[in-house]
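One structure below.
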Amino acid sequence: MSELRFDERVVVVTGAGNGLGRSHALLFAARGARVVVNDLGGDIHGAGSGRAADVVVDAIRERGGEAVASYDSVTEGAKIVETAMDAFGRVDVVVNNAGILRDASFHKMSDTDFEAILDVHVRGAYAVTRAAWPHMRDARYGRVLFTASAAGIYGNFGQANYALAKLGLHGMAQTLAIEGRKRGIQVNTIAPIAASRMTEAVFPEALFEALDPAYVSPLVAWLAHERCEVSGELFEVGGGHFARLRWERSTGKTFRLGRAITPDDVEASWGAIANMEATEHPADVAASLRPIIANLDRGTSRGGNAFIDVDEALGYEFPEQTSSYDEHDLALYALGVGAARDAEGELDLVFEMSKDGFKALPSYGVLPAVGVLLELGKQGVSAPGLNYGLDRILHGETKLTLTRPLPRKATLTHKARIKDIFDKGKGALVVQEIRSYDEDGDLLLINEVTTYVRGAGGWGGERGPSTERNPIPERAPDAVIEEPTAANQALLYRLSGDWNPLHADPDFARALRFERPILHGLCTFGFATRQVLGALAPEGDPRFLESIEVRFAESVYPGETLVTEAWKEGRRILFRTKVKERDAGVLSNAALTLFETLPEKRAPKVPAEVEEAPAAPAGPRAADFFRGIGLYVERHTEETRRIDEVFQFRLLSPDSVWTVDCKEGRVAPGETAKPSCTLEMDDAHFVAMAQGSADPTKLYFAGDLRITGNVMASQKLSALLSRVDARFVEEARARGGETRAASPVVEAAETEGPANAAPAFAPGLFAGLRLPGGGTARIQVRVTDPDGAWLVDLGSGSIQGGTYEGADTTLTLDDTSLKALADGSSDAAALFQRGKLRVDGDFAPARDLSWLAGTEGR
Amino acid sequence: MAAKVHVLGVGMVPFQKPGKSDDYPEMSRKAMEAALADAGVSFTEVEQAYVGYVYGDSTCGQRAVYEMGRTGVPIFNVNNNCSTGSTALMLARQAVAGGMAECVLALGFEKMERGALGSTWDDRANPLEWHAGSMNELQGFTTAPPAAQMFGGAGREYRWKHGTRRETFAKISSKARAHAAKNPYALFRQELSVEEVLASPEVFDPLTRYQCCPPTCGAAAAIVCSEAFAQKHGRENAVWIAAQAMTTDPPAEGQARSMMEVVGVGMTKRAAAQVYEAAGLGPEDVDVVELHDCFTANELLSYEGLGLCAEGEAERFIWDGDNTYGGRVVTNPSGGLLSKGHPLGATGLAQCAELVWQLRGSAEARQVEGARVALQHNLGLGGACVVTMYRA
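Residue numbers (my numbering), protein chains in the order written: chain A, 770 to 1627; chain B, 25 to 416.
Put into structure tokens, the structure is as follows:
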């Protein structure tokens, strides 16, 4: 490595007669610089005498260096710069080093002490730098150094004046760094610690020795060198240690705008404001403002108070949970809500081998939700922004919706979130929604649990829907069911999972001002559901329940008699339940709806989220899949032949007949003479099966797929379908009518126009992409969601739709990620690290995807 | 300079799948009996015992050692995640090297459950929370087993940095199986092709099922002694520990930027550097290595961490067959964690046993010709990395 040289450079060092300044000047001169050695010749308190500058200049000249002396005060900076211009004709480097001390505790500090410090350190550094600045601008080159101090950065007893000046200089330096950037001027600050006349009195002898100024000057020289590109930074240096300092800011706390922020809010959030565990290091004003800009983007607050912060709580999604149940749980639950009291009726609810077939009592569906909430509570998981205790809440309402009858057993995954928060004036309503999915990810249950939070309302928020729902018709009920509860009903019910001692422990109940343990509200709910369904569902079959909602109005004591009255209005049944002995309404505003026919779990299930979305664009139909199979068969003759079977498909609604002949490598509409087996199914089922979302075996056993001929041959079909992935289908669709005519193996039976493609980024991108020259790789890009495939040949500059053999590299990514890559909002390394970009084959081409940016319009 | 320390005897039991093994005292007894017989030492000569295991209540170490008798000597229970076994070995060596004892037992065992590793305690700070936090920043969380996400993520980072094919990782598993086929102690002894490895279900790209070590039950033991003790038993030529070092995690700042750092590549480098420095030998002098291949990705990273090949050269090293018989250095002749199995507490001592056999020339079908210098690498997330050099 070559030595850092300063040949031809002109360096001004102020306060260079002694100590640090002298050390800087000698080092610069030794490295070839022409140095202006400025020193007033004063003592450390600023009084002038002697010719210290001359001594240093002589020393430099003795060693063959070039230097001139300057005796001006730094407050007359122009003169010093003039000296440099007169002697050498330019100024490249200014080291603002001159300084004095006037230490005094603040209490004893005089105005003169204060002014003298500001004069030398601040006005002096300003004056010298200001005078040099125009020369540096003209030369488009300059290096300026300011000398700060630990006293300025951290504070030091007795140095209020000095500390002010020193940190002030860094403030100036940072701004000059910004202003000088475009003119090649770099400005930095050092906070040296060194033994000099100024600190002689301060340090003990041993430390004094270790703090040779010569340990500081190398940093000054580096920062002043043309190779150094650092600007606007602050460094600590001395005693052999060199380090950079920067600002650190806590992540802090951001309050939503649009509502009052009180001193109490600040106190309450002090942990987050002052905590330095999570921090960032803003380096400029833009970075400093970033949290504020982000807060503006978040919009204004939706309100709240000390109990409820709507912004934080609303929409919060709890961690996922799983639970499972089986016939044992269902039977125990049914007993808990009074089923089969006489051990004869309702055996189908409690006996898994009942001759009528075991049926799950659907109100059991609320228990997984209760379980989730209890478990979350036990784990201490609570939604952010809900800051109230259990003492304030009442279970107000519950609503249960089923997508199909409860299976006899299931393992469910529960996703809970805060769905709504309403301001009811005095209190507030918090609605938690728990969606429960079965083993296949199909939505089975939706629970909505509404809790009333006493005293937590009144922030002027949304009031929510009217509370008077499900009015009772003005006619005699269609059914009245009267049933006693058992004295030990709560003890029995709690075994299903709600362990609150309020329902078992007399002392506990009395402490909460009940005369004795009360029945669970959800037990009453179970009684009523069973009663209403038994009386008014088709043939009393409880599986017809689609949804049910109730409001809990009053507690029930075990042993009391429940009377439920119900009114049937089509599929909807309104009902209410009261305690006979006290004539007190316990369930009100209650209603349930029935399924028209019993739904079954169907293979091509609509995901829950799509329910409210507008109809999706038409997806591929069976014909598209057959054409995709045709493309596969065309390109993979060997693999296909090994299957060695002929499949005849007869599809319904819409009807079509297709032949997939693996022996001959032929896929075509129409019949074949000798099929190995014939498969009959709905068009939709076929599509689901071909997409892999329905399992042929399950379809077969569900009666949705009929197979005649050699059933075993159909086993090989799965193997074929699994290889024909979406890209073939996509390609078949993309090729449209042209391919249908051109392909020797695919003869289209239909004449309809091309199917609607899902809106996607990839097709437009690849259509408009102009590849730069210079590459060699053949890159197969496989896009998912929606699917597509393109071969990018960097050698020939061509892009072709479809999948091809012999690509060097295959990139797999979804459409969204592709878009992010192309528009530069994500970089490939990050996508790859997150598993969003998959690379097969040669890796090297994946690391330069700059060609993706070459789009000219879409 | 610490006194010379010998490994006088080693022993282990064939590793088993969860549910198929003996209980831990039984496995431990068999390993201890084998090690003592191998050393020609009676249990009454053992002055201290260091016992490693991760899963079990406190003082399982005593329960296991009591199988050999209750001599009243000190017994220490050691828990250091996946490097537990070599941590026990290191403590045993320190006791001897420091002159505190002449003959010490290091024992490791583990009785694991089926399935991927997880956290047992959910009511207190997770020791890996910072590692997991860094990972979340760098690549997010998925439902894959956490360890696979960490090591797989490090593999992704390496791939991006150096452009590595997926097949390269699979080749490591295939090599491990080929080695294990000759090891009667190994759990998986059936050979696998690269295609079969790649075709197994994906766990976390680039890792497939066959590129993840299995939960395993097993035990292994070593008798560690002073030079004088070895001489007294006529074993002055016994294998000795030339150098050993343990490193823990570096400052969090570096880990926050790199998955390779999160999984301890830096720990490996520093431990290896210390060992090479202390032994006066370099990676070029090493003949055989047992290294921590909990996932294929970590074996690849460890080649470079241990200096077996230059940075960015691991792919070439693998394709050239430099990691197996006939190549530069044989890595994991035992089949490694991938194929021999990875009972956390026992792994470090099983690695030790394999290398002692290799240096004695008694490794039979899997003997590395003329092995004189052996290197052991055992790594635990959380973190601790132990590197040990043995000499014949």
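For every residue, glycine included, the Cβ atom is placed at its ideal position computed from N, Cα and C. Since we're looking at a predicted model, the values are computed, not measured.
Kindly list the residues whose CB is nearer than 6 Å to the CB of residue i, restricted to its own chain and excluding five residues on each side of it in sequence; keep chain order.
i: B/ASN103; result: VAL78
i: A/GLY1522; result: Interpretation of A/GLY1522 is limited by its pLDDT of 36, a score under 50 that renders its predicted location unreliable; the figure taken from the coordinates is listed afterwards. Once the five neighbours on either side are set aside, A/GLY1522 has no close Cβ partner at all.
i: A/PHE1011; result: LEU988
i: A/ASP1125; result: ASP1117
i: B/GLU300; result: Sequence check: residue 300 of chain B is Tyr here, not Glu. Around B/TYR300: GLY306.
For residue i and residue j, what's the separation of their Cα atoms in angstroms?
i: A/ALA1459; j: A/LEU1474; result: 13 Å
i: B/SER250; j: B/ARG384; result: 18 Å
i: B/MET159; j: A/HIS1405; result: 41 Å
i: A/HIS994; j: B/MET284; result: 36 Å
i: A/GLN955; j: A/ARG996; result: 11 Å
i: B/SER224; j: A/GLY1229; result: 58 Å
i: A/ARG1186; j: A/LEU1212; result: 15 Å
i: B/ALA116; j: B/GLY179; result: 34 Å
i: B/MET174; j: A/PHE1294; result: 47 Å
i: A/ALA1384; j: A/GLY1134; result: Because A/ALA1384 carries a pLDDT of 38, less than 50, the predicted location of this residue cannot be relied on, and no value is offered for it.
i: B/GLU137; j: B/GLY157; result: 26 Å
i: B/ARG396; j: B/ALA416; result: 5 Å
i: A/PRO1275; j: A/HIS1050; result: 59 Å
i: A/ASP907; j: A/PRO1555; result: 59 Å
Which residues in the same chain as residue i place their Cβ atom closer than 7 Å to its Cβ, once the five residues preceding and following it in sequence are excluded?
i: B/VAL221; result: ALA194, SER197, SER198, THR232, TYR234 and GLN235
i: A/ALA1599; result: none
i: A/ASP861; result: ARG778, VAL779, VAL780, TYR910, GLY911 and ARG912
i: A/LEU1305; result: ASP1247, ALA1248, ALA1335, LYS1337 and ILE1342
Is residue j closer than 7 Å to residue i when the C-beta atoms are compared?
i: A/HIS1164; j: A/GLY1290; result: yes
i: A/LEU1181; j: A/PRO1131; result: no
i: A/VAL782; j: A/GLY788; result: no
i: B/HIS257; j: B/GLY109; result: no
i: A/ARG1340; j: A/THR1362; result: yes
i: A/PHE1191; j: A/ARG1223; result: no
i: B/PHE212; j: B/SER363; result: yes
i: B/GLY35; j: B/ALA73; result: no
i: A/GLY834; j: A/ALA821; result: no
i: A/PHE1296; j: A/LEU1331; result: yes
i: B/ALA398; j: B/GLN382; result: yes
Got a sec? Which residues, its chain only, sit under 8 Å from residue i by beta carbon, not counting five neighbours each side?
i: A/LEU1421; result: GLU1449, MET1450, ASP1451 and ASP1452
i: A/LEU992; result: ARG912, LEU914, GLN955, ASN957, ILE959, VAL999 and PHE1004
i: A/ARG1299; result: ALA1103, VAL1106, GLY1107, ALA1108, GLU1115, LEU1118, LEU1130, SER1132 and PRO1311
Does the ligand GDP have a heavy atom nearer than 6 Å to the CB of residue i?
i: A/ILE947; result: With respect to the ligand GDP, the structure offers nothing, as it holds no ligand at all.
Starting from residue i, find everything on chain C with Cβ-Cβ shorter than 7 Å and list it in chain order.
i: B/THR232; result: Chain labels in this structure do not include chain C; the protein chains are A and B.
inquiry  = List, from N- to C-terminal side, the alpha helix (DSSP H) runs of 4 residues or more that fit wholly inside the region 844 to 897 of chain A.
reply    = 846 to 857 and 880 to 886
task = Any chance you could list the alpha helix (DSSP H) runs of at least 4 consecutive residues sitting entirely within the region 357 to 413 of chain B, in chain order?
result = 360 to 364 and 368 to 384
key: 4 or more residues per run - each alpha helix (DSSP H) lying fully within the region 283 to 355 of chain B   = 283 to 286, 289 to 303, 320 to 329 and 338 to 343
inquiry  = Check whether the region 386 to 394 of chain B and the region 274 to 290 of chain B touch, using three or more Cβ-Cβ pairs below 8 Å as the test.
reply    = no
key: the region 41 to 49 of chain B / the region 1610 to 1623 of chain A touching (three or more Cβ pairs under 8 Å)   = no
ask   = Do the region 167 to 179 of chain B and the region 111 to 127 of chain B touch if we need at least three Cβ pairs shorter than 8 Å?
value = no
request  = Only counting runs of 4 or more residues, tell me where the alpha helix (DSSP H) segments fall wholly within the region 1288 to 1323 of chain A, in order along the chain.
outcome  = 1290 to 1305
ask   = Is the region 848 to 863 of chain A close to the region 874 to 887 of chain A, with three or more CB pairs under 8 Å?
value = no
message = Any contact between the region 863 to 879 of chain A and the region 822 to 840 of chain A? By contact I mean 3 or more CB pairs, one from each, below 8 Å.
response = no
query = Taking only runs of the beta strand (DSSP E) that begin and end inside the region 199 to 272 of chain B, which ones reach a length of at least 3 residues, in chain order?
reply = 226 to 228, 242 to 250 and 264 to 271
request  = Would you be able to state if there are at least three C-beta pairs under 8 Å between the region 328 to 335 of chain B and the region 205 to 214 of chain B?
outcome  = no
request  = Answer yes if the region 1102 to 1109 of chain A comes into contact with the region 1248 to 1262 of chain A, meaning at least three C-beta pairs across the two stretches below 8 Å, and no otherwise.
outcome  = yes
task = Decide if the region 1234 to 1242 of chain A is in contact with the region 1345 to 1360 of chain A; the criterion is three or more beta carbon pairs, one per stretch, under 8 Å apart.
result = yes
inquiry  = For a minimum of 4 consecutive residues, which ranges assigned as the alpha helix (DSSP H) are wholly contained in the region 1523 to 1609 of chain A?
reply    = 1531 to 1537, 1584 to 1591 and 1597 to 1602
task = Would you check if the region 308 to 318 of chain B and the region 345 to 356 of chain B touch, i.e. whether three or more CB-CB distances between them fall below 8 Å?
result = yes
message = At 4 residues or longer, what runs of the alpha helix (DSSP H) sit wholly inside the region 1444 to 1477 of chain A?
response = 1452 to 1460 and 1465 to 1470
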